[in-house]
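Residue numbering for the sequence shown follows my numbering, beginning at 6 and increasing consecutively. Quick reminder that beta carbons are idealized off the backbone N, C-alpha and C, glycines included. Below is one structure, written out as structure tokens; the observations come after it.
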Amino acid sequence: MQLIDGKKISTEIKNELRIQIEGLKRQGKNVPGLAAILVGDNPASQIYVSSKSKSCQEIGMRSIVEKLSADISQNELISIIKKYNEDENFHGILVQLPLPKHIDENKIIESISPEKDVDGFHPVSVGNLVIGKDTFVSCTPAGIQELLKRYNIETQGKHVVVVGRSNIVGKPIANLLLQKNKFANSVVTVCHSAASDLSVFTRQADILIAAIGKAEMIKADMVKDGVVVIDVGINRIEDSTNSKGYKIVGDVAFEEVSKKSSFITPVPGGVGPMTIAMLLSNTFKAYKLYGGQFE
Ligand code: GUN
């Protein structure tokens, strides 16, 4: 069994970006910028956004965080997004999800310019992904594909089984690995909570992608020998041996499943750090494509 070290790969990607940004600065050029919009005080969202902003600063990218009150109206939020759509210093816009219930998430996502949609959530980006055009791919799926690439894991003709059908992970990773290109071309099955017996599907996986949101749900008897396991889950479970009283685990029972797998991502330190690295990479891509100062 080989561990897939997302922390190490994400550091490599951030270093690659940092070097390019230092080069831009030396030439006196504008640098890429990311505007992050956080609505309300969801503790997990606060942690995610501050870690995204910190990563921007580490690599020399411009970063701003707009912290908005939970009772902001949908129209006010849309006008803030439109302001950043027009701002040449910010090449990427990210609205942290989930949003408060009175706000229609789809309307908000659609108000982001597709040229700045570094989360890859806009229907234009999603549509481009489905038809195989180069586009902004949402960050967690892009990070998973990057891990498979950098560990030289063959995807062509392999049976990828995705558990979970969210718009953020399940649907886009299925579409990404379905594309007819070198780092994809897989046979993809997507299964979800309506399956009466998930293990019928998961046992067939050459590459299993677990994006369910249930702690340690994938057990050893649900996978075959030699499987590649990508665990997208981030779940808190009680742990009295830990001073915090809890620990973070994935959707996969790591101890038992790792014994049967050829490659596996740990939680934490697997897919999680890659999400931020790909956000930075998408922001750099937006800068190169639409920033007007890159050659
Ligand atoms: N909420 C959970 N994951 C994400 C993400 O990747 N981007 C945004 N904007 N919100 C999220």
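Closest to residue i by CA distance: which of the options is it?
| i | options | result |
| --- | --- | --- |
| P177 | S204, S286 and C144 | C144 |
| A220 | S245, K293, Y251 and I173 | Y251 |
| V54 | L284, K290 and D236 | L284 |
| V237 | S130, A215, Q161 and T207 | A215 |
| V276 | V131, G38 and V174 | V174 |
| Q204 | I239, Q184, F188 and V168 | What sits at residue 204 in the sequence shown is Ser, not Gln. Here the closest residue by C-alpha is V168. |
| K265 | I98, K87, A210 and I26 | A210 |
| H127 | Q150, A147 and L99 | L99 |
| T16 | V257, N186, G231 and C61 | C61 |
| Y292 | L73, D230 and D92 | D92 |
| K88 | I42, N190 and P105 | I42 |
| N90 | S78, Q101, D76 and V123 | V123 |
| K12 | A199, N287, A179 and E151 | E151 |
| I50 | L39, K34 and V70 | Correcting the residue identity first, residue 50 is Ser in this sequence and not Ile. Here the closest residue by C-alpha is V70. |
| T270 | I158, N190 and K290 | I158 |
| K106 | A200, G45 and N180 | G45 |
| L104 | A225, K163 and K72 | K72 |
| G38 | R31, I26 and Q32 | I26 |
| M279 | N47, K290, M6 and K57 | K57 |
With DSSP collapsed to three states, give me the class of residue i.
| i | result |
| --- | --- |
| K72 | strand |
| F268 | strand |
| Q25 | helix |
| I173 | coil |
| L203 | coil |
| V54 | helix |
| T280 | helix |
| F5 | Any question about residue 5 goes unanswered here, given that the chain covers just 6 to 300. |
| A179 | helix |
| P273 | coil |
| Q32 | coil |
| A49 | helix |
| K59 | helix |
| S191 | coil |
| V262 | helix |
Which residues share a DSSP beta bridge with residue i?
| i | result |
| --- | --- |
| L213 | V166 and V234 |
| E243 | Y251 |
| Q7 | F268 |
| T16 | Answer by DSSP bridge pairing: none, since T16 is not bridged. |
| V257 | I223 |
| G38 | R67 |
| C196 | V168 |
| L43 | K72 |
With a threshold of 9 Å between beta carbons, is residue i in contact with chain D?
| i | result |
| --- | --- |
| Q209 | Absence of chain D from the displayed structure is noted, only one protein chain being present. |
If we require 3 or more residues per run, which beta strand (DSSP E) segments fall completely within the region 73-157?
Complete beta strand (DSSP E) runs here, min 3: 97-100.
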